[in-house]
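In the working numbering, the protein residues as written are 1427 to 1561.
Where is the CB? At the ideal position from N, CA and C, for every residue including glycine.
Note that the coordinates shown come from a computational prediction; the quantities given were computed from them, not determined experimentally.
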RNA sequence: GAAAUAAGCCAUCUUAUCGCUCUGAAUCCGCAAGGAUCGGAGAGGAAAGUCCGGGCAACACAGAGCAUCGUACUUCCUAACGGGAAGGCGCUGAUUGGGCGACGAAUCAGCGACAGACAGGGCCACAGAAAACAAACCGCCCCGAGCAAUCGGGGUCAGGGUGAAAAGGUAGGGUAAGAGCCUACCGCUCCGGCGGCGACGACGGGGGCACGGUAACCCUUACGAGUUGAAAGACCAAAUAGGCUGGUGAUUCAGGCAACUGAUGAAGGGCGGCUCGUCCGGUGCCAGCGGGUAGGUUGAUGGAGGCGACGGGCGACCGUCGUCCCAGAUAAAUGAUAAGACGUGGCCGUGAACAGAUUUCUCUGCGAAUGGUCACCGACAGAACCCGGCUUACCGGCUUAUUUUUUUU
RNA sequence: GGUCCCGUCGUACAACGGAUAGUAUGUGAGUUUCCGGAACUCAAGAUCGUGGUUCGAUUCCACGCGGGACCA
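Shown next as structure tokens:
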């Protein structure tokens, strides 16, 4: 798979975001691996559907304004996360999951900036968790 | 050469690989949506704060007045401004002169929310005798009483004391002591014409002087302001539900031999022994229309535009011509990795010139320049419809001007 | 993106432009008690920052800093 990151892979629909963040929703699956809190929805593929090329999931990155007051800092962190995801999203398809994740929210919960190397390592761990844990 | 101030400009750079957004009468693939290749473009001086002003848009609107809010020396610049320019006045500081003195003049630098306090109202704590149509505590002087200490009456703001603020100030005359009581000067105030677009200025004349502060308290005067903001507004428009129209079907009842016509919105089932009650079920299907949600397009990037030349103006700025196209994202595009360069500082070297020691060799100090290495650092900070300002943040670098200072000639 | 409000001891609130910035609670010390609590006495402790207006500023004005609410 090519390491691209197009517009279609960005989660922007207000409705899906609301579903994702709905409190106590059964369809939202939550994974935690510092410094990320991850929420995602897994697509319910109909059993009789023809095996199609797996679509890459749409993702959303969130950095709190509370911890990072300056727009420059928030942008930098989002860019680093996006880059790390782009480089490593292949991990999601290596799992043997029946229902792959379709919409993922990556929430950055640390209070200070983290270097790209460390960030990438943590994100790899989280992505593997998702790929394995999908039910 | 150094420092300070002011103005203007820049605000790390380069290469490689992997990516992001926009874009192309380009090439290829695809019915299309779209994709690939190759080009082109891609954050700021403050993009920030949101403190002002405008454009733009929707709605409102005959005119006038009141209320509310804002602005406040003058003239100008401007689309507009609470911004800017030039000027005036005042205050502060420095320097140089004048005068016995109060004070005043000139030059330079800095600062000023700088309309009005006889239009009216309010307030001025404490202290002090007295704080606003006024006012005598101490003191000084005069008169009266008393042997005296002292007491009573009167004059007086020159002196003391209080305070942020106390009877215009200084010098002289004058007086019982004093006092604009008188004179001169300084200040204040009124009048006159003159200069200036104007704020105001200089000049001449009059008045012995009656005028405390506060309008960033209410207020007065003059001028200005309709309200709401791109989440404004315009357009396209799935799915589902509901609305309207047409077609077609269906429940029950009535009429009719029948086709059909008229009326009705149910029939039925669960809970419950039954009534009542309550719940479920059902009220269709197809096509079209309009409103409109998700979503999308537009608004939205060619502009009070940048650069250059010439011309006008003391200047802010304006005019003409030429030339250029210079971000358009939308849960929001500039990132990651590697290498190198540049800048800053530390350390270790080499070390011109200069100074000192020395007969010399040489040594020491200071160090232009330069090599290596390490370090961290390379600020403040990210467009969100667009402009003009203001304010705040900020590692540094470059250019120009002025002032001060050092060295050499 | 826009609109509005607030900022006073550790905490919650007061204070016409004029006292040593007040009250409650919390904190510390003491009295009382065999000990603790309660009660009583005493003490420490604050005007978000920088300028300006004023004789005088928590209060008025400007700018900044911080916090909060609303518009969908």
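Spatially closest choice to residue i from the options, by CA coordinates
i            : options                   : result
residue 1433 : 1544, 1538, 1549 and 1483 : 1483
residue 1435 : 1456, 1508 and 1546       : 1508
residue 1519 : 1438, 1444, 1553 and 1467 : 1553
Contact under 9 Å by Cβ, residue i with residue j
i            : j            : result
residue 1531 : residue 1490 : no
residue 1501 : residue 1549 : no
residue 1372 : residue 1517 : Any property of residue 1372 remains undetermined from this structure, which presents the chain solely from 1427 to 1561.
residue 1503 : residue 1534 : yes
residue 1511 : residue 1431 : yes
residue 1506 : residue 1551 : no
residue 1539 : residue 1499 : yes
Reduced DSSP secondary structure (H/G/I, E/B, other) of residue i
i            : result
residue 1579 : This structure leaves residue 1579 out entirely; the chain is present only between 1427 and 1561.
residue 1552 : helix
residue 1467 : strand
Beta-bridge partners of residue i, as assigned by DSSP
i            : result
residue 1489 : 1534
residue 1529 : 1467 and 1484
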